[in-house]
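Q:
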Amino acid sequence: MAATTMRSPRTPGLTIKTNFEGCDSFPTYIDPLEDSDETFIDEASMPSSSSSSPLNPSQKLVDKVGEEPLRHASPQPTSVHVPALSGLKGSNGVGGNGYRVMRSATVGYIAPEFKGKSEQMKSVRDLILKNDWIPESRVDAQIAWFYNDLGIDDVYFELETTPVIADHITALYAAKVAAYSRKDKREEIRLDMEASDHAIYIDTSEPGKSAVGGPRFETRLESKYLDGNLTDRFRVETFRSSGVLGDKADAKASLRCYFVYQCQFVEPKADPNETRLEVISDRMFLAKATDNTKQMYREIIEVAVSRTGPVIEVFDHAGSQEKRLVVAFRSRTARGLFSALSDLYHYYGVTSSRKYVEQFSNGITVMSIYLKPATNLGGGYPPFDQSIHQIMKETSLLYCIPQNKLHPLFTSGQLSLQEAIYGHCVWVFTQHFLNRLGSEYVSLSEALDVRKTSHQEILSKLKRRLRTETFTPDYILEIIASFPQLVRALYASFAKVHLSVGPEFERQTINPTPAVEILSDEQLKVLITREVSTDHEEMVWNAARAFNNAILKTNYFTPTKVALSFRLDPSFLPEVEYPKRLFGMFLVISAESRGFHLRFKDVARGGIRIVKSRSKEAYAINARNMFDENYGLASTQQRKNKDIPEGGSKGVVLLDPKQQDKAQEAFEKYIDSILDLLLPAETPGIKNPIVDLYGKQEILFMGPDENTADLVDWATEHARARGAPWWKSFFTGKSPRLGGIPHDSYGMTTLSVREYVKGIYRKLELDPATVRKMQTGGPDGDLGSNEILLSNEKYTSVVDGSGVLVDPNGLDKEELARLAKQRVMIAHYDLSKLSKDGYRVLCDDSNMTLPSGEFVGNGTSFRNTYHLRDTGCTDMFVPCGGRPESIDLVSVAKLIKDGKSTIPYIVEGANLFITQDAKLRLEEAGCVVFKDASANKGGVTSSSLEVLASLSFDEEGFVQHMCHDAKGNAPEFYKAYVKSVQDKIRENARLEFEAIWREHEVTGLKRSVLSDQLSVAITDLDEELQHSDLWKNTSIRKAVLRDALPQLLLDKIGLDTVMERVPDSYLCAIFSSYLASRFVYEFGSQPSQFAFYDFMSKRMSRIAQD
């Protein structure tokens, strides 16, 4: 209605006054205004902006706002939650409760006076009378009530047209009439008007109560206007009328009005670190905010741009009980926070008189909420000051997960916020670790012969079915939500252990729910058995007990955080499913994602990948397989890392279904929350000490992986900013300006894969130019692009995220190389370069007919299964991308025809692309298969040598020899070092290839088995050597290190200097891993008992000669 109404001429002259004495058109809670030099903004004198949108009604007010002079911060305040925020200075003093005191006459927004208001009211009256919906005797009263009693800002009357205002008054009157017809005579007024660039909502609600039913306007407006993309951003103003609706004595409801306007920024694309309000602000904000309000916003924004998480402040208003809660955070990082904050303060018997959401073009959002007691609710709530303190503390927790799965139990008062979010974490944990297989599965697996393929298939199918059909996420949530008393009991036990309050920290905490007895684990077990009625319910709640028992440390109770992180003891994992025990395990839960980090050794290295899902169905599958995938990737990494000192680890972050565009936000929260558990807390009030049941210092070493290659620089610099002493080695694969060696730029991973491909050609005397090749993982990826650029085979098919590209006669090599250099998908392939038999099927295509006459109904399904097709056009298959387990024990049957593999050679570049049992089936069918743990280890070798350089150089030397300059020029040493790394990758790959090929010919064992045997043999010998006396022999130690360390590094720094700078434990790991790998590659995984003696004798002889 409102969006299509023609605008009528307006009476010009919107004035922003500085003194509103006698003004009765605003409720009493509007701040009195001080005299100021910000006197008038007259519409008639404001030239229109050529760049402004004619659709936005707020444009009239803000077309011209002069830039204010740059102001500097005033003296530093004290804040309850942030002790002495660096850079914040407040001129308004500090109250006895620690909050900054703001004089009411200096804060808030300048209430605008619309000069044409009286004339507009007459025009509205005439139009309402003309429409004849409201009796003439009641028209004046309705207009006066709308204009004077509801507390609607004059901006609304200046910006909206006369017909729109008349329609709103008529709609509100109709709501009153409807209320009269009800038995309870209760007035319920609801009005909404939504357009693409602005919106208005008016609703009836009781102060201090969350409207569980009804239209939920706050949820609606934040979903449509606040949580969208960054291109269209909106500011919000909301007011509550001062009086109640209706004449009944027990009437408590009042009107809440919401006004949403599209932002008109002074500089729409400001730098993320820009803090000058005259640059980053919305023009309406600049026009309406008082000087002190601008100063307050400026100070908070200056802190917010340097933080990963929110900045939370509370201000006292001099002479008033009202307090102002201000929350600043990075946009797009807290979906649903606006409405969740309302639920939070309602829980404590508090209501708001006004709320503002201001957006800034540097990417910061600031919410400002004016809070006061909801006197209509009666007693039973904590004192107002205590409630405000608790609200401020819990806002940090709410920011982590604004809309948790148990939020309805929170809004209804059955759980506190702490309990509800804890219950959400239990829900996430239980999905992954509920023991769904049971003792029957274990018994069956012991009874069957796993060496038989048919028995393997039975176990594989049964395992998948038990995991998918028994406990769905919805079913688990239903069970948890049905027992809020168990959530409370388990939370109380969790908090008793992990909520630490030292003597230096204030504990102003309210017990928001009836006191809960702290129960032991055994008592909780008894309670669960007594409360539940089914085996399934008991299984879920016992998994919750396992969660509590596994937590070694958590950031749950630290004052500021961006996500919830838990360091878990992995001993609860069932051995039948996870035979190799993990050393360390982290779980991270945020508003956008969930993530794990797993490692098999204390000092371990592995990449962090972000998993995206194209649909809800894909998400369900990814979530179900997430932990197993992470475990398998870390296990593969452990085997790949056999040539380097670090063990294997891996991190997986799964984006929630509605957060697929939040990869960067999810990654940053994942990293920051893990750092909370790795770094000591040194800033009371911001990062308080946590309860550490693990009791040892931990360091994680990470690297790039799927969807994270462009994020590692941020992680490196963030670790440095947070004071991590190991920031240089925290992430590998970082940009050269930080001394990193990017894997994609130098093809590090591909070099190792290529050695295996070329090794097959060399051993079987094949001409690569005649080999027909299929590749998954296209020219847009790291491994895929470099594989294309380094190879010389005849490509017949490429599969990537966009679809399938096929040409039986061979794809154009120059065109593929063009895509690879540009790092774009096959969707950009020039179709004119296809032969008559070639085709491309994109995921979005449907109902296509291929040159062969085959009909393709769905492009995505065709893409997902293309690698399983018997095309007769593939000799070599190199998976360079794709989901784990794309070929499993069931689907592998499609690649075997008449007992023979349809693909002769496979080199598994992508991690876990083929399950181990499927590899064995392929080898039985005659396929030459080299698995990922052997082929895909170039990246880890590069990363390890990158770390070695960062440890060997001092700070000055590292910058001089390893970091590119501002123009991107590489030091000469860096260039030579990269080449030596590439040579080492080729050498390690050739040694392992030759060892596997030789062992296969001698023993007849499958190559996939031999690969694992070699890895286990090397890692086991590595462990033994680290605890042997060989390391103590100085001459042997130095001789081995001379062979193991890059000669270039030794020439530049010298062995003695390297040994002085690099930690002894790290050097010992280099020593043992080098000896172990060289011995096993030479003598095999099952050498004779005299082999190692012979191996070392040769080395001792060389040492003696030197």
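Each number in the numbering used here corresponds to the 1-based position in the sequence shown with 828 added.
In this text, a Cβ means the ideal position worked out from N, Cα and C, and glycines have one as well.
#1: Among the candidates A1027, E1827, E1474 and L1083, whose CA atom is the shortest distance from the CA of C1091?
#2: Could you pull out every unbroken alpha helix (DSSP H) segment of at least 4 residues lying fully inside the region 1205-1233, listed in chain order?
#3: Do C1228 and L1396 have their C-beta atoms within less than 7 Å of each other?
#4: For the alpha helix (DSSP H) that D810 lies in, which residues bound it at each end?
#5: For L1245, which residues of its own chain have a beta-carbon under 8 Å away from its beta-carbon, when the five flanking residues on both sides are left out?
#6: Starting from N1675, trace the beta strand (DSSP E) in both directions and tell me its first and last residue.
#7: By the 10 Å Cβ neighbour count, where 16 or more other Cβ atoms means buried, how is R1442 classified, buried or exposed?
#8: Can you tell me which residues form a DSSP beta bridge with G1476?
#9: Measure how close the beta-carbons of G1561 and S1771 come, nearest whole angstrom, since I'm counting them as under 8 Å.
#10: Using CA coordinates, which residue listed in F1113, S946, I971 and G944 is at the minimum distance from I938?
#11: So is V1908 buried or exposed if we call it buried at 16+ other beta carbons inside 10 Å?
#12: Any idea if H1571 is buried or exposed, counting beta-carbon neighbours within 10 angstroms, 16 or more meaning buried?
#13: Using three-state DSSP, classify I1527 as helix, strand or coil.
#14: Can you determine whether any heavy atom of the ligand PLP sits closer than 6 Å to the C-beta of K1444, and answer yes or no?
#15: Taking Cβ to Cβ, would you say A1904 is nearer than 7 Å to S1839?
#16: With N1686 as the anchor, note down where its beta strand (DSSP E) starts and where it stops.
#17: Determine the burial state of N1764: buried for a count of at least 16 other Cβ atoms within 10 Å of its Cβ, exposed for fewer.
#18: G1177 to E1150, Cα distance in whole Å?
#19: Whole angstroms is fine: what's the gap from S1215's alpha carbon to L1199's?
#20: Would you list the one or two residues that DSSP bridges to F1087?
#21: If you draw a straight line from the alpha carbon of L1592 to that of Q1603, how long is it in whole angstroms?
#22: Return yes when the Cβ of N1620 is within less than 7 Å of the Cβ of Q1578, no when it is not.
#23: Can you give the beta carbon distance from R1835 to E1751, rounded, assuming they're within the 8 Å contact cut?
#24: Is the region 1771-1784 close to the region 1887-1901, with three or more CB pairs under 8 Å?
#25: Cβ of P1096 within 7 Å of Cβ of S1189?
#26: Can D1850 and S1900 be called in contact, C-beta distance under 7 Å?
#27: Y1176 bridges to which residues according to DSSP?
#28: Judging by CA-CA distance, which residue of K1004, V1254 and S1310 is the nearest neighbour of L1318?
#29: For K1444, is the classification buried or exposed, using 16 other Cβ atoms within 10 angstroms of its Cβ as the cut-off for buried?
#30: Check whether the region 1594-1611 and the region 1622-1632 are in contact - that is, three or more C-beta pairs closer than 8 Å.
#31: Any contact between the region 1320-1327 and the region 1345-1356? By contact I mean 3 or more CB pairs, one from each, below 8 Å.
#32: Would you call the region 1811-1818 and the region 1581-1597 in contact, with 3 or more CB pairs under 8 Å?
#33: Return the residue from the list R1358, F1299 and G1631 that minimises the CA-CA distance to G1710.
#34: With H, G and I counted as helix, E and B as strand and the rest as coil, what does DSSP make of F1923?
#35: Are I1954 and G1479 closer than 7 Å when you measure CB to CB?
#36: Grouping DSSP H, G and I as helix and E and B as strand, with all else coil, what is T1544?
A: According to the structure data:
#1: A1027
#2: 1212-1228
#3: no
#4: Outside the shown range of the chain (829 to 1934) lies residue 810, about which nothing can therefore be said.
#5: L1172, Y1175, E1222, L1225, L1226, F1238 and P1340
#6: S1674 to T1677
#7: exposed
#8: R1433
#9: 7 Å
#10: F1113
#11: buried
#12: buried
#13: coil
#14: The ligand PLP is not part of this structure, which contains no ligands at all.
#15: no
#16: F1683 to N1686
#17: buried
#18: 14 Å
#19: 11 Å
#20: I1028 and E1065
#21: 21 Å
#22: Note that residue 1578 corresponds to Thr in the displayed sequence, not to Gln. Cβ distance not < 7 Å, so T1578 and N1620 don't count as in contact.
#23: 7 Å
#24: yes
#25: yes
#26: yes
#27: For Y1176, which the question treats as bridged, DSSP gives no partner whatsoever.
#28: V1254
#29: exposed
#30: yes
#31: yes
#32: yes
#33: G1631
#34: helix
#35: For the chain, the structure presents residues 829 to 1934; residue 1954 sits outside this window and is missing.
#36: helix
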